[in-house]
Structures are given as structure tokens and as C-alpha cells.
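**Student:**
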Amino acid sequence: MTTRTVLVAAGGTGGHLFPAAAFSGEMRARGWRVVLMTDARGRRYAEGFPADEIQDVPAATIQGVNPFKIAGAALKIMSGIAAARKSLAVMQPAVVAGFGGYPSLPALEAALSQKRPVVIHEQNAVLGRVNRTYAARATYVACGFERLDRLPPSAASRKVVTGNPVRPAILEARNAGYPSAAPGQPIRILVTGGSQGARLFGEVTPNAIAALDADLRARIEITQQVREEQVLIVSEEYQRMGVKAEVSPFFKDMGVKLAQAHLVIARAGASTVTELQAAGRPSILIPLAIAADDHQTANAEALSGIGAADVIDELEFNSKTLARVLAQRLANPHDLGVRAAAARASAKVDATKALADLAEKAAG
Numbered sequence: 000m001t002t003r004t005v006l007v008a009a010g011g012t013g014g015h016l017f018p019a020a021a022f023s024g025e026m027r028a029r030g031w032r033v034v035l036m037t038d039a040r041g042r043r044y045a046e047g048f049p050a051d052e053i054q055d056v057p058a059a060t061i062q063g064v065n066p067f068k069i070a071g072a073a074l075k076i077m078s079g080i081a082a083a084r085k086s087l088a089v090m091q092p093a094v095v096a097g098f099g100g101y102p103s104l105p106a107l108e109a110a111l112s113q114k115r116p117v118v119i120h121e122q123n124a125v126l127g128r129v130n131r132t133y134a135a136r137a138t139y140v141a142c143g144f145e146r147l148d149r150l151p152p153s154a155a156s157r158k159v160v161t162g163n164p165v166r167p168a169i170l171e172a173r174n175a176g177y178p179s180a181a182p183g184q185p186i187r188i189l190v191t192g193g194s195q196g197a198r199l200f201g202e203v204t205p206n207a208i209a210a211l212d213a214d215l216r217a218r219i220e221i222t223q224q225v226r227e228e229q230v231l232i233v234s235e236e237y238q239r240m241g242v243k244a245e246v247s248p249f250f251k252d253m254g255v256k257l258a259q260a261h262l263v264i265a266r267a268g269a270s271t272v273t274e275l276q277a278a279g280r281p282s283i284l285i286p287l288a289i290a291a292d293d294h295q296t297a298n299a300e301a302l303s304g305i306g307a308a309d310v311i312d313e314l315e316f317n318s319k320t321l322a323r324v325l326a327q328r329l330a331n332p333h334d335l336g337v338r339a340a341a342a343r344a345s346a347k348v349d350a351t352k353a354l355a356d357l358a359e360k361a362a363g
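In terms of numbering that gives the first Met the number 0, the sequence shown opens at residue 0 and continues consecutively.
#1: If you draw a straight line from the alpha carbon of residue 1 to that of residue 159, how long is it in whole angstroms?
#2: Less than 7 Å between the C-beta atoms of residue 140 and residue 157, yes or no?
#3: Starting from residue 120, trace the beta strand (DSSP E) in both directions and tell me its first and last residue.
#4: Check whether the region 178 to 188 touches the region 257 to 264, taking contact to mean three or more Cβ pairs, one atom from each stretch, closer than 8 Å.
#5: Start and end of the alpha helix (DSSP H) containing residue 318?
#6: Among the candidates 78, 268 and 106, whose CA atom is the shortest distance from the CA of residue 90?
#7: Using a threshold of 7 Å, state whether the C-beta atoms of residue 351 and residue 121 are closer than that.
#8: Pull up the CB-CB distance for residue 221 and residue 242, whole angstroms please, since I reckon it's below 8 Å.
#9: In the DSSP output, which residue or residues are listed as bridge partners for residue 139?
#10: Throw me the rounded Cβ distance for the residue 163 and residue 19 pair, which I believe falls under 8 Å.
#11: DSSP state of residue 202, grouped into three classes?
#12: Which residues in the same chain have their Cβ closer than 8 Å to the Cβ of residue 211, if we skip the five residues on either side of it in sequence?
#13: By Cβ distance below 7 Å, which residues in the same chain neighbour residue 62 in space, the five residues on each side in sequence not counted?
#14: In this structure, how does DSSP classify residue 191 when only helix, strand and coil are distinguished?
#15: Quick check on the burial criterion: 16 or more other C-beta atoms within 10 angstroms. Buried or exposed for residue 333?
#16: DSSP has residue 247 in a bridge; who is on the other side?
#17: Taking the straight line between their C-alpha atoms, what separation do you get for residue 308 and residue 71?
#18: Check for me: the beta strand (DSSP E) holding residue 76 runs from which residue to which?
#19: Can you give me the Cβ contacts of residue 340 inside the same chain, cut-off strictly under 8 Å, excluding the 5 residues immediately before and after it?
#20: So residue 165 packs on residue 273, CB below 8 Å; how close in whole Å?
#21: Looking only at its chain, what residues have a beta carbon closer than 8 Å to the beta carbon of residue 409, apart from the 5 residues adjacent to it on each side?
#22: With three or more C-beta pairs closer than 8 Å as the rule, is the region 74 to 92 touching the region 27 to 40?
#23: Out of 299, 108 and 338, point me to the one whose CA is closest to residue 136's CA.
#24: In this structure, does DSSP put residue 345 in helix, strand or coil?
#25: Tell me the DSSP secondary structure of residue 58 in three-state form.
#26: Going by the beta-carbon positions, is the gap between residue 335 and residue 310 smaller than 7 Å?
#27: Please state if the CB of residue 267 and the CB of residue 288 are separated by a distance shorter than 7 Å.
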């Protein structure tokens, strides 16, 4: 029996490539040959990607009003589509799975022009630009959340809520259960902002912790992601107020950090919200104000709508507001546990399997 090939199209950011990697690992475990098609930027996030082959094609996004830049981007896109068509004609994939980001466009356009089955996966609660372009012609539109804004009406019947694939380390945090936060025991707060939030969180969070009641503050242990240039400053601030803190630009053991946390302060990217659901952790979410189509606010609704998260608008995110929400939540360990349970119950932990099943169904 000839091994069938699935072409995975993804790129732009880790947010597109991480779920694509989980899906690819599952497909390989099922005996499929996996080819990742991305661009030079996407390849930077593809270290260790579970593919039998990685192909780069030219890709670009059209932005601004400069006619020369627009023309240059258009030519690059056309070149990428031509390269993808040639490659697909050789590899003959049984199905193409697109995970969004502009580097996925050449593969999706090539696949549809050759009448190949296409499955689109949207991680956010708002359909991204590339996925929006091809949703109406896709065999299936898989999505991470029940809510999916900007979905063309003609594609509504082919929408399938699979959830977002999550890393095994996050599932280990789920298996660990929610830690006890009984009176007198430490309260562990995980603050993770990523590249679009670490600086802001580094400025606001220490001042909010300093404003809390001394008895409550004495129990707090902080694990916080900050920008490289903030590490020393933020560490010293926590040290001055006697708060135990681990401060770093990056944590490799995020599954362990999440398993230990009683409360998480974070942005509301699709991966973050999905991991909070999977691990079952209450949170305070600050959606990125400049996110396209305000998709992070839509993502956050998956948790705030079930009482598992507080949402603070970025324009209102300051030490006073955060201190007020923290004081309210940390004063009631039982409520934190209830919120953790609500987050946990909303998770779709079989998302990777569901997405692979859908791809195999599309392939026929």
C-alpha cells in the first residue's frame, strides 16, 4: 500500500505552527507522510517540526499603500503559488491542511486550483485573513472555539469545532490537577505575556502586587516572563517587597509552571486560552489591543463567558485595576477552584485526534 501524503501549510508565527506540529505528529503516527510548506520566516519556528520534508515557497502579505511595495508583494505571492503548484503536482497530496498565516496562501491556492481536498484550521475565534479567503472553498473549516466570527455564510455547514491541539506538556499539567490554595499556603501566580505583552506586564504587575494587603502579599510566589532588559529591575522590585519571584524572558518548562499555578495573568492568544482550558487554570486576561479584528477579545470570551477568567481591556490595564481584581480573586481560594474547574470542563483535549480524523475524512 502506497503511503499517502498530507501537505501542511502554515507559517507566520508560532501560533500557527504549534498546532500544525501537533496535527503533523498525529498524522505521522497514523502512517501518513507529512510535508510542511512554509516560507523562510515560518521555518524559523519549525525546529523539530514532525515532518518528513519541509519546503519553503515565496510568500508575502500586502500592506500599506506604497504601490512599489504592493507590486513587489504581489509578485512574490504569484511566484509562491507557481512554486506550490509545481510541488503539489509532484507530491500528489491526498489532502492539504492549512493553519493560517500568509505563508499558507500559496499551498491553499495551488491545492484548490488542482481540486484537491482542503481542510482549514482556525485557532482564533475570528477567522484570519488567509483562512477567510479560502473558507468558502474548503472541504472543512475546523476551528478552535465555538465562536468563529467572519466565517462566510456559504461555509457555515462545513464548520467543525475540533478545538486547538495542545502540547503534551500542557496535558501533563491537566493530569496534575489544580493545586491546593488553602489558608497559609503559598499562592502561585504565573505571568506570561509573550512578545506582545511582557513589557507591559513587567511594568504593571509588580506595582499591583505591592498594593495588596501585606498578609496576602506574603503568601504570593510569582513566576513572570519579562523582556530581557526588564529582568533585573522586576526581580529587584519583588525582592524589595519580600515576594518570592522567578523572573525570566523565557521558560522552557511552561507545562510545569502552569501545573504549579493557582492563577495566570496573560494575553488572550488562541494558544494561551486553549492551554488554560486544557490545564484547567483560572486567569486574568488582557487582550492585545492591536490584534487583527480584535480576535483576542473574542478568544477570551471562551473563558470569561463561563466564569473562568476576568478580562481587563488593555487601555484600562494598570496597577490599580489589576490589584483590585487580584485582591478579589486571591481572597477566595474556593472561587479560584471553581473557576479552574470551569476552565477544565471547557477543554477539548482530543483536538489533535479530531483534526486528524477530519483530514482523513476529507482525503476519502
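All residues carry an ideal CB built from backbone N, CA and C; glycine is no exception.
**Tutor:** So, from the listed chains and residues:
#1: 29 Å
#2: yes
#3: 117 to 121
#4: yes
#5: 318 to 329
#6: 106
#7: no
#8: 6 Å
#9: 118
#10: With 8 Å as the limit, residue 163 and residue 19 do not qualify as a contact, their Cβ atoms being about 11 Å apart.
#11: helix
#12: 219, 322, 325, 326 and 329
#13: none
#14: strand
#15: exposed
#16: 224
#17: 44 Å
#18: Careful: residue 76 lies outside any beta strand (DSSP E), inside the alpha helix (DSSP H) at 66 to 90.
#19: 177 and 279
#20: 6 Å
#21: No statement about residue 409 is possible, as the shown extent of the chain runs from 0 to 363 and does not include it.
#22: yes
#23: 108
#24: coil
#25: coil
#26: no
#27: no
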